[in-house]
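Below is one structure, written out as structure tokens, with a few remarks after it.
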Amino acid sequence: MIVSKPKSAPRWTTSVCLLAALCCVFIPAAAVKHENFKTCDQSGFCKRNRQFADDVIASSTVSPYALDPASITFKDGQLSGVVLKTLADGDKVQLPLTVTFLESGVARVTLDEEKRAKGQIELRHGSKARKERYNETGKWALVGGLRPSTGAALGADAEQGHTNVFYGKGGKQQAIIRHQPFAIEFQKDGETHVKFNEQGLLNMEHWRAKVEKQQEEKKEDGEESKDSEKKIEEKTEDESTWWEEKFGGNTDTKPKGPEAVGLDISFPGYEHVFGIPEHAARLSLKTTRGGDDAFTEPYRLYNADVFEYELDSPMTLYGAIPLMQAHRKGSTVGVFWLNAAETWIDITKTKKSANPFARSKSNTDTHTHWVSESGLLDVFVFLGPTPQDLTRQYGELTGYTAMPQSFAIAYHQCRWNYVSDDDVKDVDRKFDKFNIPFDVIWLDIEYTQEKKYFTWDPLTFDDPIDMLEQLDKHKRKLVTIIDPHIKNTNDYHVIDELKKQDFAVMNKDAEQFEGWCWPGSSMWVDCFNPAAITWWKSLFKYDSFKGTAHNTFIWNDMNEPSVFNGPETTMPKDNLHYENWEHRDVHNLNGMTFHNATYQAMVERKKGELRRPFVLTRSFYSGSQRSAAMWTGDNLSQWSHLGASIPMVLNQGISGFPFAGADVGGFFGNPSKELLTRWYQAGIYYPFFRGHAHIDTRRREPYLAGSPYTEIITQALRLRYQLLPAWYTAFHEASTTGAPIIRPNFYVHPEDERGFAVDDQLYIGSTGLLAKPVTQEGADSVSVYIADEQPYYDYFDYTTYKGAGHHTVQAPLEKIPLLMQGGHVIPRRDRPRRSSGLMKYDPFTLVVVLDNDGNASGSIYLDDGETFDYEQGAFIHRHFSFDGKRNALTSSNLVTAVRSVKCESYLKTMDKVRVEKIIVVGAPSTWKDKEEVIVMEEGTKESKRRKPVPLEYHASQGKKAAWAVIRDPKVGITRGWKIDFGSGSAHVHHGHEH
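According to mature numbering (1 follows the signal peptide of the UniProt record, and there is no 0), the stretch in the sequence shown is residues -31 to -1, 1 to 963, in order.
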């Protein structure tokens, strides 16, 4: 199969339709066409390095890489030296090494190749390719955290043949660099957590000039004997794919020859490893070379448009984040493999006798083998020790999640395609008619004129401004699709400018590359080129992209890039980008450069209009979180895909890209009404929440489901909207600390060994909300895993669940399984509205959920939800705390900086926004006779400072906890206040367990 989704295109040209027929574009497949995507054996460098690993392990061969002790220098937190690779003929290749110890406690190891001096290789027709290894991935992925440590210091070598460096806080981390064979151990508190080249699989395929083989002449007997010996040596290296590789009818010319980089990285004492998205697989990564329930292929990172991807697979998908973390009780560590070329990762595990003196340490070692086709060996090592430390340190390097506009975290309604502007307006009206909230409606490629981006079809979208104005009346938005392929046709200003200014990706002959995508013949904008980015930004200005307005936002699809007639449905690797880098070097970066350019374009589309952009991308790399949201691509309307979406989105979160979601309802196929309903109930827990469907599916807007499904789906949507303050606060935490927005059990409970692999339930931010979506057909209950001894309360009726282990929670179709962990204060807004924009000045409800000691805490973050004024202090960030000993609830300011002018202005707009209700769940029995509480608020007149407010107490009933309500305490969200519940401890006796 050549395309990811068989979009029908009624206005395609004859030639495109012919291509579609030849390539079976219109024929949906039952499953992914594996023959269109490489296995490791079909990828030359992967096969070579896997065989190399087998040979090394089987023969116990000593690694030919040694660090020259005489070359070692250490200055300003950085160790430099030269690693020598000894070849079969005795020659040595010099590999410059740098090990940089960063102020954050992270170490960076880089290995280059000296023989690849800067230069170019002549190709056919006078075109050139860069000779040196690609070294600019960091330019795109890294934005900070690179300051070398001033405290890192060389240690006295424990024994000859090692160089030790102490670094990190208090010098408690150590890198032990072995000279021969070259290897590195990373220790924390004297214990080894990460090892490089422990198995001897380090392999940098060095530069060699291509030698055309000639007919051998007959030699004297002695010479022939020597040649035979040489041939035996050469047989150990497979040269068949060094200079050329064929797949699927395409030939990849390799002017630089073999240049793969490989390294084994071990995590001693760690059984669970996570990360390296994107794969449709479990959160805890499987082994790939033996073991129970193992994959037979390595995990692959090579961004590709995969049609109807299969589940439980290491097969590549649309994006790549080469971050892996290993976790065990008491420790989280990780590595970030900074390489944008095609990459394969093998995982194996070995068991050993348990060490009774290392109680936190697993008796399992995890070994990984990383191989990339080209580029540098450039690896960051994180020693934690907590999951929070790792995501923060990774975020310092690659950037935190962009703070979105508030509408972006509400509900998005999409299908391919709404057929006209009247269709869009009709959908908008029907959501209102059925009292269903939504914020955004989306348009796929059919809105354009003949698949030409930045145009509107004059027959079906003849008045887009009128459509946008109707949406704007209820603060709603429109998202239109803009892909990187530009239709190659006459009388189209975008392609004319692209060609004239040479902003397109080039083929190997330095000619503008032409391929096939939705418009037919297409060219691809090269967003590695700064001048092309400047031009791209100009296309989004209102006078250029006519028919758009301030409530229009952008969807970047197909940016892997997807090329229908290309190898593996993507661009040939020997294409050339800006400054003559080959596409093979930058492939996984391509999608990010495109959505970055779109983000910049949205910021600058009108002078003085500084609204936060919203851009959705399908393809991504490390750093994409700075400018986009993502979704998991073209899933299927099947229960299994609903279930798989939870670990996929969780994995995105712990890997630094938490603004993620999956198509609700499934992109391909027609879900049953039960599946559609359950998917909405799960989708409200995706950070990016969008219903989406293929053009050939039946319409499935929520109001079409019919009773009782429409009402149940509406209830789910209202729950998402009710909790938007908690979601927005979680997004703020992600944007400032790198924390996931939805979190797996191991992240929240890192000491709970039984829950490390749990990936079918999730926590929302730091709220204590624990959700377990129903993902099985016909299920009327779920088993929720609780990791601690705190009480958990049903969100709706306060049924109490207590005790570590599994608990059965009833979940008939109308019920959404959602628990509240004791110890939290959850902010929400209870008034139903048509869109989030209409909730801006609504009052708040605070749900105070008491823990075993009668305490609770939480926070809320607010800003205008639209502009960048929050960067100048225009926001509210408050902490709520219930102290069980003092029996008091307080609101205090988390902002310590002096208020800016922007802040004062924003606070005035929010001055009348109040807390209208406080609910205390797990209320102590000592309150049952209490009739009122005393409220004190700062900044009010003395006569109003102390005011009694009625308290309603509801006694516990069976397994349902007691709860209390304070209605309209008349306290503002912008000010500090205290509510005194009087004498009597709030320590709670929960009684029943379930």
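Note that beta-carbon positions come from the ideal geometry of N, C-alpha and C, so glycine has one too. Keep in mind the model is a prediction, meaning the values are calculated, not measured.
Asked                                                                                                                                                               : Found
Run the CB neighbour count on Thr42, radius 10 Å, all protein chains shown included, and call it buried at 16 or more, exposed below.                               : exposed
Given that a residue counts as buried once 16 or more other Cβ atoms are within 10 Å of its Cβ, and exposed if not, what is Asn565?                                 : buried
As a quick exercise: from Tyr547, Leu232, Lys576 and Asp543, pick the residue whose alpha carbon is nearest that of Ser507.                                         : Lys576
Round the Cβ separation of residue 967 and Pro117 to the nearest angstrom and send it over; I've been treating them as touching at under 8 Å.                       : Because the chain here runs from -31 to 963, residue 967 falls outside it and cannot be looked at.
How long is the line joining the alpha carbons of Pro582 and Gln481, rounded to whole angstroms?                                                                    : 31 Å
For Gly113, I'd like the list of residues in its chain whose CB is within less than 8 Å of its CB, leaving aside the five on either flank, ordered along the chain. : Glu365, Leu366 and Gly368
Any idea if Asp729 is buried or exposed, counting beta-carbon neighbours within 10 angstroms, 16 or more meaning buried?                                            : buried
With 16 other CB atoms within 10 Å as the buried threshold, where does Ser912 fall?                                                                                 : Below a pLDDT of 50, predicted positions are generally treated as unreliable, and Ser912, at 41, falls in that range; no measurement from the model is reported.
Helix, strand or coil: how does DSSP classify Ala31 here?                                                                                                           : Sequence inspection shows Val at residue 31; the Ala mentioned does not correspond to that position. The answer is coil: DSSP assigns Val31 none of H, G, I, E or B.
Pick from Arg800, Pro237 and Glu101: whose alpha carbon is nearest that of Glu548?                                                                                  : Glu101
For His462, does the count of other Cβ atoms within 10 angstroms reach 16, so buried, or fall short, so exposed?                                                    : exposed
Could you check what DSSP says for Ile664 in three-state terms: helix, strand or coil?                                                                              : coil
Could you give the DSSP three-state label for Asp832: helix, strand or coil?                                                                                        : strand
With a CB to CB cut of under 8 Å and the five nearest residues on each side skipped, what residues in its chain are close to Asp880?                                : Gly941 and Thr943
Please return the same chain residues whose Cβ sits closer than 7 Å to the Cβ of His701, not counting the five positions on each side in sequence.                  : Met372 and Tyr830
For Asp221 and Glu213, what's the separation of their Cα atoms in angstroms?                                                                                        : 6 Å
For Trp608, which residues in the same chain have their Cβ closer than 7 Å to its Cβ, ignoring the five residues on either side in sequence?                        : Leu644, Thr744, Gln745 and Glu746
I want to know whether the stretch 410 to 422 touches the stretch 555 to 574 - three or more CB-CB distances under 8 Å.                                             : no
Just mark Gln926 as buried or exposed, buried being the case when its beta carbon has 16 or more other beta carbons within 10 Å.                                    : exposed
Could you tell me whether the Cβ atoms of Cys383 and Arg712 are closer together than 7 Å?                                                                           : no
Look at Tyr655 and Gly630 and say whether their C-beta atoms are less than 7 Å apart.                                                                               : yes
Mapping DSSP to helix, strand and coil, what is Arg398?                                                                                                             : helix
Helix, strand or coil, according to DSSP, for Trp648 in the structure here?                                                                                         : helix
Considering just the uninterrupted stretch of the alpha helix (DSSP H) at Pro616, what are its terminal residues?                                                   : Trp608 to Ile623
So what's Leu693 in DSSP terms, helix, strand or just coil?                                                                                                         : helix
Count the other CB atoms within 10 Å of the CB of Ala674; is the residue buried (16 or more) or exposed (fewer)?                                                    : buried
If we count Cβ pairs, one from each stretch, closer than 8 Å, do we get three or more for the stretch 221 to 230 versus the stretch 165 to 180?                     : yes
If we count the other Cβ atoms within 10 Å of its Cβ and call it buried at 16 or more, is Phe765 buried or exposed?                                                 : exposed
Taking only three categories from DSSP, how would you classify residue 976?                                                                                         : Residue coverage of the chain in this structure runs from -31 to 963, which leaves residue 976 outside it and unanswerable.
If we ignore side chains and look at the alpha-carbon of each, how far apart do Leu278 and Asp10 end up?                                                            : Residue 278 is actually Tyr in this sequence, not Leu. Rounded to the nearest angstrom, the two C-alpha atoms are 20 Å apart.
What residue range is occupied by the uninterrupted beta strand (DSSP E) comprising Thr744?                                                                         : Element bounds for Thr744: n/a, residue is neither H nor E.
State the DSSP-derived secondary structure class of Asp554, mapped to helix, strand or coil.                                                                        : helix
Can you check whether the CB of Thr360 is closer than 7 Å to the CB of Tyr239?                                                                                      : no
Secondary structure at Phe700, three-state DSSP: helix, strand or coil?                                                                                             : helix
What does a CB cutoff of less than 8 Å around Leu619 pick up in its chain, not counting 5 residues either side in sequence?                                         : Leu252, Pro709, Ile711, Arg712, Pro713, Asp728 and Leu731
Considering only C-alpha positions, which residue in the set Glu670, Ala27, Ser735 and Pro406 is nearest to Gly169?                                                 : Ala27
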